[in-house]
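Visitor: Just so you know, we're using my numbering here: the sequence shown kicks off at 212 and counts up by one. The beta carbon of each residue, even a glycine, is placed where N, CA and C say it ideally should be. Since this is a predicted model, take the numbers as computed values, not measurements. One structure follows; several queries about it will come next.
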Amino acid sequence: MKVAVFCSANNAIDPDFFTMTEELGRRLAREGHTVVFGGCNIGLMESVAKATAEAGGTTVGVVPSIIEKGGRMSEHVSVHIPCDSLDERKSLMVEQSDVCIALPGGIGTLDEVFTVMAAASIGYHRKRVVFYNMKGFWNPLLTMLREMKATGVIRPGFDETMAVADSLDEVMQLLAD
């Protein structure tokens, strides 16, 4: 299976997130999954790519030209797919993947997650986003989504576009379902 990983490209975050991301990368590789990521050599992006590569797995880096020109492309890219913009990167990452996992991240991660879920909710694809809720990171967002559903602004069936996992074992179980 090809697994897109959306996550932070920031090094100044909780060190536990790096440890948990490395465990994810190793486990995905051991179980024969390919990791599709944004191709950057910073933050959790680099962490998942390096761990996957070191465990013998394959990574697909969808790398915007601005990242390459800035010298920020990961050396742990097995398959390089160049692109010109963040919109193109999102589109290519979804196209290249069977499922998406959201790790802790910022504005870019939220943009990626909501693009995938919105497209799935209206039938463009049937890919799901798995929120890996490391240390409860996604709890505020999940609360907001529940509130939005309760007020009726999120259409029925939206829940089918996402799943939540509080542990690596839960992530892997959701990938197996």
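1. Find the nearest neighbour of SER219 within the set ALA260, HIS244 and THR245, judged by alpha-carbon distance.
2. Could you check if PRO367 is buried or exposed, using at least 16 other CB atoms within 10 Å of its CB as the buried criterion?
3. Would you say VAL247 and SER308 are within 8 Å of each other, going by their C-beta atoms?
4. On the DSSP letters alone, give me the boundaries of the alpha helix (DSSP H) that GLY207 sits inside.
5. Would LEU385 pass as a contact of ALA374 if the rule is Cβ separation under 8 Å?
6. Quickly, what does DSSP pair ILE278 with across the bridge? List them, please.
7. Could you check where the alpha helix (DSSP H) with PRO226 kicks off and where it finishes?
8. So with Cβ pairs under 8 Å, would you call ALA374 a contact of chain C?
9. Can you tell me whether PHE325 is buried or exposed, with buried defined as 16 or more other CB within 10 angstroms of its CB?
10. Would MET212 be called buried (16 or more neighbouring beta carbons within 10 Å of its own) or exposed?
11. What does the Cβ neighbour count give for SER276, buried or exposed, with the cut at 16 atoms within 10 Å?
12. Please confirm whether GLY317 and ASN252 have their CB atoms less than 8 Å apart.
Guide: On the basis of the supplied data:
1. ALA260
2. exposed
3. yes
4. The requested residue 207 does not occur in the structure, where the chain is confined to residues 212 to 388.
5. yes
6. Answer is none; ILE278 lacks a bridge partner.
7. 226–241
8. Annotation note: the requested chain C is absent from the structure, which comprises a single protein chain.
9. exposed
10. exposed
11. exposed
12. no
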